[in-house]
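Peer 1:
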Amino acid sequence: MSSTTIQAIFDDDDVLLSAVKELRTANYHIEEVFTPFPVHGLEKAVGIEGTRIAITSFIYGLIGLTFAIWLMDYTMITDWPQNIGGKPSFSFAENMPAFVPIMFELTVFFAAHLMVITFYMRSKLWPYKKAENPDPRTTDDHFMIEVSTANDVKSLEDLLKKSGAKEIKTKA
Amino acid sequence: MSHYEAPIREPLIFGDKSYHDISVDVAAPVEGKANKLWWIAFSIALTAFLLGIGAICYTIGVGIGVWGLNNRINWAWDITNFVWWVGIGHAGTLISAVLLLFRQKWRMGINRSAEAMTIFAVFQAGLFPIIHMGRVWNAFYVLPLPNALGSLWVNFNSPLLWDVFAISTYLSVSLVFWYTGLLPDFAMLRDRAVKPFQKKIYGLLSFGWSGRLKDWQRFEEVSLVLAGLATPLVLSVHTIVSMDFATSIIPGWHSTIFPPYFVAGAIFSGFAMVQTLLIIMRKVSHLEAYITKIHIENMNKVIIVTGGIVSVAYMTEFFVGWYSGSSYEDYTYLSVGAATGPYWWAFWSLITCNFIFPLTLWFKKARTSLIWSFILSIIINIGMWFERFDIIVIDLSRGHLPSSWTMFSPTFVDVSIFIGTIGFFFVLFLLYARTFPVIAQAELKSILKSSGENYKNLRKENHE
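Line by line, the protein sequences are chains A and B.
Each residue of the first sequence is one higher than the last, beginning at 51 in this note's numbering.
Each residue of the second sequence is one higher than the last, beginning at 198 in this note's numbering.
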């Protein structure tokens with residue numbers, strides 16, 4: 051069974067949003083939407099799942115905190131304990147208050163950077179990556195929906211036209 | 198519709214703008230040619246920068262003895278400049294992170310440039326401790342790296358080391374926050390570009406951003422989490438800088454109110470620098486429709502609040518110094534001794550610039566005047582430089598041992614390095630203003646229908 055992908059271009063975010071709702075009611079599968087800016091309510095309308103990237107950030111933060119605790123315990127208490135300015139390094143618990151700033155900084159460092167790296171990897175963003183938006187206007191003021199259908203292309207095109215698409219073409 | 202916003206809120210985008218107009222206006226400075234004024238400003242900044250490089254090379258070659266430091270005053274202009282620049286570097290992340298969490302839409306017109314300013318200011322700040330080390334080739338000693346001396350580790354009890362971690366975390370996190378926000382805007386420039394070179398460069402910089410739905414979903418989540426992380430981070434940085442002083446036992450430095458007071462002062466000076474730059478940039482780059490009087494007034498309101506906090510801190514320090522009855526406290530930077538002593542001019546510069554002049558902002562007329570906002574922003578920047586100079590130099594000039602009391606005078610090298618960092622800062626900012634999308638246009642488009650003047654008028658006509 052071969053399926054055809056239709057690309058429809060809109061020039062307004064509200065029209066796009068209502069078109070997406072109509073397509074969903076008519077049980078069409080929306081493959082992809084390209085927009086020049088985040089359109090609020092679009093992800094709910096298309097029905098994609100929520101992102102879990104914030105959870106990864108929390109985990110990375112815990113790794114950073116653990117690393118900070120290990121680093122300061124190893125260097126200051128275990129490997130070479132010194133008496134600096136009358137403040138001896140007998141145990142981690144006693145020195146802990148002085149370690150809080152760096153625990154915080156390393157938590158933030160790990161949480162922020164590893165989350166951003168995860169984002170770039172998951173969304174496939176890196177230098178020399180070729181852009182994949184099919185129409186250059188979708189970073190300016192146009193919006194594109196890609197819908198696939200297995201059987202009746204004509205009725206899909208009619209529906210798109212009725213819901214306000216400016217241009218409709220078949221994806222090569 | 199979902200774009201409703203209370204009509205009482207003033208529009209944030211003026212004129213009859215469409216989405217495409219925003220792209221055109223933001224791309225215009227990048228696609229156009231630089232005018233004469235830009236080249237003049239750039240040449241001056243570059244000359245100052247070169248002077249600074251010369252002075253830095255001289256310092257490294259000969260040693261920091263070429264500075265005006267003496268036995269008693271062993272920290273002076275370098276640390277003053279360091280704290281001044283770090284403070285200036287607080288506004289950008291405050292605007293893009295704290296105002297994002299508070300859902301303040303007016304941040305979108307100014308956050309990109311404010312953050313650029315932040316990053317460039319933190320570059321300047323980072324130079325000073327490194328040069329002050331004298332033997333800069335040993336600068337990596339501040340990192341906890343295994344070495345052949347034991348290993349001898351860095352001292353994690355020291356606020357100076359906390360500074361290393363705080364500032365490098367702050368700089369790098371601000372940088373990725375800024376860059377991630379830039380991706381969709383670079384993509385817009387890439388897709389508009391007609392010159393092959395520009396297309397290539399912006400294609401490279403945009404990391405292949407395509408504006409997929411899933412990418413936008415992650416983008417927004419990442420921005421929100423980064424804002425949540427950057428908010429405590431920005432507060433921690435100047436807190437830790439203040440601990441460089443507060444954990445010592447020098448009279449005037451040994452003060453428990455330093456952390457909140459320094460953070461307020463940092464935001465105060467940072468917003469002043471944003472005003473200085475944006476009031477000029479909105480004119481030169483024709484962005485009056487996006488950086489409006491409302492933005493300027495809102496920033497002035499932040500300046501009133503933080504300036505007020507700083508003023509209360511001055512009064513507290515002054516009162517507590519007197520009330521303590523300690524004769525040493527009588528010579529600290531906020532005391533009768535300082536106001537009438539040999540550094541009276543530095544004391545009164547601080548009070549005039551940071552306390553008296555900002556009071557004018559209580560009047561709406563002053564707050565909405567572009568010229569006064571610009572003049573005042575420069576006054577505040579001077580005042581905040583004096584605040585750090587006073588804390589460092591006045592406090593050190595009078596210590597527990599009266600026989601060593603002395604004065605400080607900067608040398609040609611001190612002055613040149615300071616001028617050099619100002620030049621470097623403006624070189625970076627001027628280059629940025631010609632090559633980067635200076636307004637977060639993707640974000641701005643998402644508020645056009647709720648906060649644009651034309652859409653607001655349209656709603657008014659239909660409903661009333």
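Backbone N, C-alpha and C fix where the C-beta goes; we use that ideal spot for every residue, glycine too.
Span of the alpha helix (DSSP H) holding B/S647?
Peer 2: Q638 to S648
Peer 1: For B/E207, which option in B/A486, B/D592, B/K562 and B/N659 has the closest C-alpha, if you only look at C-alpha atoms?
Peer 2: B/A486
Peer 1: Kindly say whether B/S286, judged by its beta-carbon, lies nearer than 8 Å to any beta-carbon of chain A.
Peer 2: Correcting the residue identity first, residue 286 of chain B is Gly in this sequence and not Ser. False, the Cβ-Cβ gap to chain A never drops below 8 Å.
Peer 1: For A/T188, does the count of other Cβ atoms within 10 angstroms reach 16, so buried, or fall short, so exposed?
Peer 2: Result: buried.
Peer 1: Look up A/M194 in the DSSP assignment and give the residues it is bridged to.
Peer 2: In DSSP, A/M194 forms a bridge with A/I59 and A/F84.
Peer 1: Could you tell me if B/R300 is buried or exposed, where buried requires 16 or more neighbouring beta carbons within 10 angstroms of its beta carbon?
Peer 2: exposed
Peer 1: Excluding the five sequence neighbours on either side, which residues of its own chain have a C-beta within less than 6 Å of the C-beta of B/M198, listed in chain order?
Peer 2: Low confidence applies here, because B/M198 scores a pLDDT of 48, under 50, leaving its location unreliable; read the following figure in that light. Nothing listed; no residue qualifies.
Peer 1: Are any of the Cβ atoms in chain A nearer than 8 Å to that of B/S445?
Peer 2: no
Peer 1: Keeping to the same chain, check which residues put their C-beta closer than 7 Å to that of B/T366; ignore five residues upstream and five downstream.
Peer 2: L430
Peer 1: If you measure from the beta carbon of A/R172 to each beta carbon in chain D, is any gap under 8 Å?
Peer 2: Judged by its chain identifiers, the structure shown contains no chain D, and its protein chains are A and B.
Peer 1: Please report the straight-line C-alpha distance between B/I576 and B/W542, rounded to a whole angstrom.
Peer 2: 15 Å
Peer 1: For B/P456, which residues from the same chain have a beta carbon less than 8 Å from its beta carbon, with the 5 sequence-adjacent residues on both sides left out?
Peer 2: H435, T436, S439, M440 and A443
Peer 1: If you compare alpha carbons, which of A/E217, A/S213 and A/K221 is closest to A/A76?
Peer 2: A/S213
Peer 1: For A/Q132, collect the residues of the same chain with a Cβ closer than 7 Å to its Cβ; drop the 5 residues on either side in sequence, then sort them by chain order.
Peer 2: S139
Peer 1: Roughly how many angstroms separate the alpha carbons of A/T220 and B/L209, rounded to a whole number?
Peer 2: 40 Å
Peer 1: Run down chain A in chain order and give the residues with a C-beta less than 9 Å from the C-beta of B/N354.
Peer 2: M126, I134, G135, K137, S139, N145, A148 and F149
Peer 1: Identify which residue in A/I109, A/T116, A/T157 and A/F142 has its Cα closest to the Cα of A/D123.
Peer 2: A/F142
Peer 1: Counting only beta-carbon atoms, is A/T189 nearer than 8 Å to chain B?
Peer 2: yes
Peer 1: Going by C-alpha to C-alpha distance, which of B/P381, B/E494 and B/T377 sits closest to B/I424?
Peer 2: In the sequence as displayed, the identity of residue 424 of chain B is Ala instead of Ile. That would be B/T377, whose Cα lies nearest to the Cα of B/A424.
Peer 1: Measure the alpha-carbon distance for B/K490 versus B/A390 and round it to whole angstroms.
Peer 2: 31 Å
Peer 1: Looking at B/V590: is its Cβ nearer than 8 Å to the Cβ of A/M165?
Peer 2: no
Peer 1: Please state whether DSSP places B/R595 in a helix, a strand or coil.
Peer 2: coil
Peer 1: Is the beta carbon of B/I476 closer than 8 Å to that of B/L558?
Peer 2: no
Peer 1: Can you tell me the Cα-Cα spacing of A/I56 and A/V197, whole angstroms?
Peer 2: Answer to the nearest angstrom: the Cα atoms are 5 Å apart.
Peer 1: Going by C-alpha to C-alpha distance, which of B/K653, B/L410, B/A535 and B/V295 sits closest to B/M604?
Peer 2: B/A535
Peer 1: Thinking C-alpha only, which one of B/P226, B/P381, B/R332 and B/I328 is nearest B/H639?
Peer 2: Rather than His, the amino acid found at residue 639 of chain B in this sequence is Ala. Cα-wise, what sits closest to B/A639 is B/P381.
Peer 1: Counting only beta-carbon separations shorter than 8 Å, does A/K180 have a partner in chain B?
Peer 2: A/K180 belongs to the set of residues whose beta carbon lies under 8 Å from a beta carbon in chain B.
Peer 1: Where does B/K214 land, buried or exposed, given buried means 16+ other C-beta within 10 angstroms?
Peer 2: buried
Peer 1: Report all residues from its chain with a CB closer than 7 Å to the CB of B/I398; omit the five preceding and five following residues, and keep chain order.
Peer 2: none
Peer 1: Kindly say whether A/T101, judged by its beta-carbon, lies nearer than 8 Å to any beta-carbon of chain B.
Peer 2: yes
Peer 1: Give the DSSP-derived three-state secondary structure of B/M198 in the structure shown.
Peer 2: Confidence at B/M198 is low in this model, with a pLDDT of 48, below 50, so the placement of that residue is unreliable and no value is reported for it.
Peer 1: Do B/L474 and B/M330 have their beta-carbon atoms positioned less than 8 Å apart in this structure?
Peer 2: no
Peer 1: Pull up the DSSP beta-bridge partners for B/I210, would you.
Peer 2: B/G649
Peer 1: Quick check on DSSP: helix, strand or coil for A/T199?
Peer 2: strand
Peer 1: Determine which residues of the region 149 to 169 of chain A have a Cβ less than 8 Å from any Cβ of chain B, and write them out in chain order.
Peer 2: F149, P151, I152, F154, E155, L156, V158, F159, A161, A162, H163, M165, V166 and F169
Peer 1: From A/D63 to A/D191, what does the alpha carbon distance come to, in whole angstroms?
Peer 2: 9 Å
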